[in-house]
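Have a look at the structure below before the remarks.
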Amino acid sequence: METKTLDNATEKAFKMPTVYTLLFAITALVVVMTWFVPAGKYDYMTANSQTLIEAQDVANYSGGERLLPVPGSYTELTSNPQGLFDLIAAPLTGFSEASSIILFVLMIGGFLSVTIRTGAMDASVFAMSQRFAGREQWLIPLLILILAIGGSTYGMSEETVSLWVILLPFFIAAGYDRLVVAGMILLGSGIGVATSTVNPFATGVASRFAEIQLGDGILLRLLMFVIFYLITCVFIMRYAAKVKADPSQSLLHDITFNDQFSKQPESLAFTKQHRLTMTVFFGAFALMIYGVVPWEDIGVTFIPALNWWLKEISIIYLTAALLIGIINRMPEDEFVKTFIAGCKDMIGVALVIAVAKGINVIMNDANITDTILSWTESAVVNLDSGVFAVVSYLAHIVLAFFIPSSSGLATVSMPLMGPMSDLAGVDRDIVVTAYQLGSGWINLFAPTAATVVAGLAIANIPYGRFFKWVIPYIAAILVGSGLLLYIAA
């Protein structure tokens, strides 16, 4: 238990509805809008063959190319208002239309579950902490880098919960406070998610609904990854050095803790099987990156582009899970149960995608998506491209507070923001990056972010203290992200 020198007056806090309720409420609101918003369509041009698809023929187009709206071509159509039956059916239709991305998410869940079951992740972190005993200050940037790579490649977030129990005793014994550990875990994985390169839950979903390749915009996001990684290291390491030199400088110095984290962690052996497991684990992500990056588009002609997408990546993760099971001599029934358990853990994400996709189903069936685009066309066409990128970024910051699910937010916003960026003359990958940054930074500190609340609860860190500590850092990266987006656009 924890005892504090603070006066703990308890208040009944407002409880946010679940993301499912919020998304369904938005769907209901959109259904009402279909009775008042006129129906209409743009003419569209195919991205590659430059074939014109007239407004009345867009719904029947099945050529597979990405369609770009033709500015000034908006035409009103006969209204098709939606009703109660359409409202209830929307998430079901959404599930069907998003089935490929949902299957992909389930495969990721099974792969991660099998990997975590082996204990290789925790053992590798413990082995590093022991190797850096007495040189803990250099373990800080290494752990931040590893967690950031995890966030960037597979959206590492909930998986970090077990790391608190390992890292807290080690760093407390070394003379640091709990905020140092909170920074490494929450900010480390968070910058990776915000600047995701191939994260399936952010970049993957957003790219799918923006109708671009997963590797589009990867160089910009890599640059941002490096910049924000360095900023994060400086922020945490400066605070850590100050606390170690003078414990009274800790923002938690007036709180007395009496919990299990004052003790050294139990030893975890890092075996040969663990090494092979982590080799396959990181190898799977390396292979995915190789397969999805459009090498020729970024000027690399000596590497053949494979143009892989959801089916091929799903095969990678399924194969990697099987290899990890074999390496660890996992019995067949245990492997199947573990893999299915991982899929179950992702059902929530799958349902969020389905319900969010239902919003787009309603808008498309009622033909009001292009109407909303037409209302913004005059402002967007005359808007500076950099300003549009920043406005998109700010809009996603606001939306992310109410829709903390990165997959849900991408599913809601990208079908609208993608075509809007075409009208503004901005590449769609810029909008995907703006979404990632807006969603990622909010989820670093928002009380609606489950991993923040859970991690702080494990460490017994008052949310107010964490917020006070992290807010200068958040302000810096929020402004920095906007500037980088403006320049990139």
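Residues in the sequence shown are numbered consecutively from 2, following the working numbering. Every residue gets a Cβ at the ideal spot worked out from N, C-alpha and C, and that includes glycine.
Rounded to whole angstroms, the gap between the alpha carbons of L486 and G326 is 42 Å.
Less than 8 Å separates the beta-carbon of V281 from that of I328.
For P70, the enclosing beta strand (DSSP E) begins and ends at 68–70. With a 10 Å radius around the Cβ and a threshold of 16 neighbouring Cβ atoms, Y464 comes out exposed. Burial of E378 is indicated by the presence of at least 16 other C-beta atoms within 10 angstroms of its C-beta. Counting of Cβ neighbours within 10 angstroms places I213 among the buried residues, the total reaching 16 or more.
The shortest CA-to-CA distance from I373 to any of V38, S251, L23 is the one to V38. In the DSSP assignment, T257 falls within the beta strand (DSSP E) that extends over 256–258. Looking at the DSSP output, Y45 bridges to I54, P70.
Relative to I398, the option among V106, I443, F112 whose CA is nearest is I443. In this structure, the CA atom of I431 is about 7 Å from the CA atom of G218.
In the three-state reduction of the DSSP assignment, E212 falls in the coil class. In the three-state DSSP reduction, T302 falls in the coil class, being neither helix nor strand. Remark: three or more beta-carbon pairs, one from each stretch, lie closer than 8 Å, so the segment 93–105 and the segment 357–366 are flagged as touching. C-alpha of G135 to C-alpha of A175: approximately 8 Å in a straight line.
Cβ neighbours of I150 within its own chain (closer than 7 Å, five residues either side excluded): G193. If you draw a 10 Å sphere on the C-beta of S249, you find fewer than 16 other C-beta atoms in it, and that means exposed. Beta-bridge analysis with DSSP links T76 to K42. Only buried fits R429, as 16 or more other CB atoms lie within 10 angstroms of its CB. Per the C-alpha coordinates, the member of A183, S422, M46, P82 positioned closest to T161 is A183.
Between D255 and the set R179, L311, G191, T370, the nearest pair of CA atoms involves R179. By the neighbour-count criterion, in which a residue is buried when 16 or more other Cβ atoms sit within 10 angstroms of its Cβ, A401 is buried.
Burial of A460 is indicated by the presence of at least 16 other C-beta atoms within 10 angstroms of its C-beta. In this structure the segment 23–37 lies against the segment 75–86, because at least three pairs of beta carbons, one per stretch, are closer than 8 Å.
Look at the beta carbons and you see the segment 342–356 touching the segment 106–118: at least three pairs across the two are nearer than 8 Å. Straight through space, the alpha carbons of A211 and L107 are spaced by roughly 21 Å. In this structure, the straight-line span from the alpha carbon of Y230 to that of T339 is close to 33 Å.
Nearest to Y240 by alpha-carbon distance, out of D123, S63, I141, P72, is I141.
In this chain, W309 is not harboured by any alpha helix (DSSP H), its DSSP state being neither H nor E. Scanning its chain for C-beta atoms nearer than 7 Å, with the 5 sequence neighbours on each side dropped, one finds around A29 the residues L88, in chain order. Using a Cβ distance threshold of 8 Å, V353 and S315 do not count as a contacting pair. Contact between I363 and V31 is confirmed by a C-beta separation of about 5 Å, below the 8 Å threshold. Around I290, the same chain offers V199 as residues with beta carbons nearer than 6 Å, after the five sequence neighbours per side are excluded.
Under the criterion of beta carbons closer than 8 Å, F127 and I167 qualify as touching, at roughly 6 Å.
Excluding its 5 nearest sequence neighbours in each direction, P448 has C-beta neighbours in its own chain below 7 Å: V454, Y464, listed in chain order. In its chain, beyond the 5 residues on either side, R179, V182, F262, A460 have a beta carbon closer than 7 Å to the beta carbon of L169.
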